[in-house]
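Asker:
In the working numbering, the protein residues as written are -5 to 242.
As structure tokens, then:
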């Protein structure tokens, strides 16, 4: 075999390898790193009796849009329980899952994204970057003050109660029905969870007529070139109790 023939065969082989590499690379999805939301202050606990503290406050991630990658916002997931041992076991299990897989685990455990009263919740729910988000799921003492009304809002500063200067996203509603709120048992718009509800894990009740709502937040981004979504680790915002005998 002549030297030129051998060179041509080597060049042809290398070209074939390069084409194969490019072919398989084109089918790979690009995954971008996305910062997680950060908790502000102390997370609420399902064991807390102080209803004024039954809210979630966190800071959304910074906008990391670059090239074809766009920051979309923050998704908020919740699940309702009636048994604190089951809830705590679930929290422990989720904390043991790597950040990159925790959102998938939330979904597999039946956690749902929060809805709004008109059913038109944006996706993701909170689309502003680098702001403070405040969420209260159930009303408290609203006959005397709007400070503790059920609301989802954002602000340039951290909140411990509703403030008129905040940007209101809407009133929180359950994912299964945009008419259902979290003031369980108050009226027909706030029915107690039924065993068949997909956002509820029914078990032996720890306390009769008391429910516990567990909440997580996840940052979302998208590669606009191919529509591939990227997610941050799921941050546990805490959990709050709601009793049908609460003073709403």
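Heads up, the beta-carbon is just placed ideally off N, CA and C, and yes, glycines get one too.
Expressed to the nearest angstrom, what Euclidean distance is found between the alpha-carbon atoms of residue 178 and residue 206?
Answerer: About 11 Å.
Asker: Under 9 Å between the Cβ atoms of residue 194 and residue 76?
Answerer: yes
Asker: On the DSSP bridge list, what partners appear for residue 167?
Answerer: 109
Asker: Based on Cα-Cα distance, which residue from 134, 93 and 95 lies nearest to residue 156?
Answerer: 134
Asker: If you draw a straight line from the C-alpha of residue 239 to the C-alpha of residue 203, how long is it?
Answerer: For residue 239 and residue 203, the distance between alpha carbons rounds to 8 Å.
Asker: With a threshold of 16 other CB atoms inside 10 Å of the CB of residue 27, please say whether the residue is buried or exposed.
Answerer: exposed
Asker: Could you check whether the segment 90 to 98 touches the segment 154 to 170, counting it as contact only if at least three pairs of C-beta atoms, one from each stretch, sit closer than 8 Å?
Answerer: no
Asker: For residue 160 versus residue 149, is the C-beta spacing smaller than 9 Å?
Answerer: yes
Asker: For residue 191, count neighbouring Cβ atoms within 10 angstroms of its own Cβ and tell me buried if that reaches 16, exposed if not.
Answerer: Residue 191 sits buried, since 16 or more C-beta atoms from the chains shown fall within 10 Å of its C-beta.
Asker: State buried or exposed for residue 69, treating a residue as buried only when at least 16 other CB atoms are found within 10 Å of its CB.
Answerer: buried
Asker: Assign residue 124 to one of three DSSP states: helix, strand, or coil.
Answerer: coil
Asker: In the DSSP assignment, what are the bridge partners of residue 211?
Answerer: 70 and 229
Asker: Any heavy atom of the ligand SAM closer than 8 Å to the CB of residue 45?
Answerer: As presented, the structure is devoid of all ligands, the ligand SAM included, so that no description of it is given.
Asker: For residue 121 and residue 108, what's the separation of their Cα atoms in angstroms?
Answerer: Spanning the two alpha carbons is a distance of roughly 14 Å.
Asker: Would you report the Cα separation of residue 216 and residue 223, rounded to the nearest angstrom?
Answerer: As the crow flies, the alpha-carbon of residue 216 is around 4 Å from that of residue 223.
Asker: So, is residue 54 buried or exposed, given that buried needs 16 or more other C-beta atoms within 10 angstroms?
Answerer: Residue 54 is buried by the Cβ-count criterion.
Asker: Assuming the contact rule is C-beta atoms closer than 8 Å, residue 78 and residue 200 should be a hit. Round their C-beta distance to whole Å, please.
Answerer: 5 Å
Asker: Using a 10 Å radius around the Cβ and a threshold of 16 neighbouring Cβ atoms, would you call residue 310 buried or exposed?
Answerer: In this structure the chain extends from -5 to 242, so residue 310 is not present and cannot be described.
Asker: Which value, in whole angstroms, describes the spacing of the CA atoms of residue 219 and residue 116?
Answerer: 21 Å
Asker: Whose C-beta lies closer than 7 Å to the C-beta of residue 50 among residues of the same chain, with five residues either side of it excluded?
Answerer: 38, 129, 209, 231 and 232
Asker: What do you get for residue 15, buried or exposed, if any count of 16 or more other CB atoms within 10 angstroms of its CB means buried?
Answerer: Residue confidence is low: residue 15 scores 42 on pLDDT, short of 50, so the model does not pin down where it sits. Its coordinate-derived value is still stated next. So residue 15 counts as exposed.
Asker: Quick one, are the C-beta atoms of residue 119 and residue 67 less than 9 Å apart?
Answerer: yes
Asker: Can you give the beta carbon distance from residue 213 to residue 29, rounded, assuming they're within the 8 Å contact cut?
Answerer: 6 Å
Asker: Could you pull the DSSP bridge partners for residue 217 from this structure?
Answerer: Secondary-structure assignment with DSSP links residue 217 through a beta bridge to 63 and 222.
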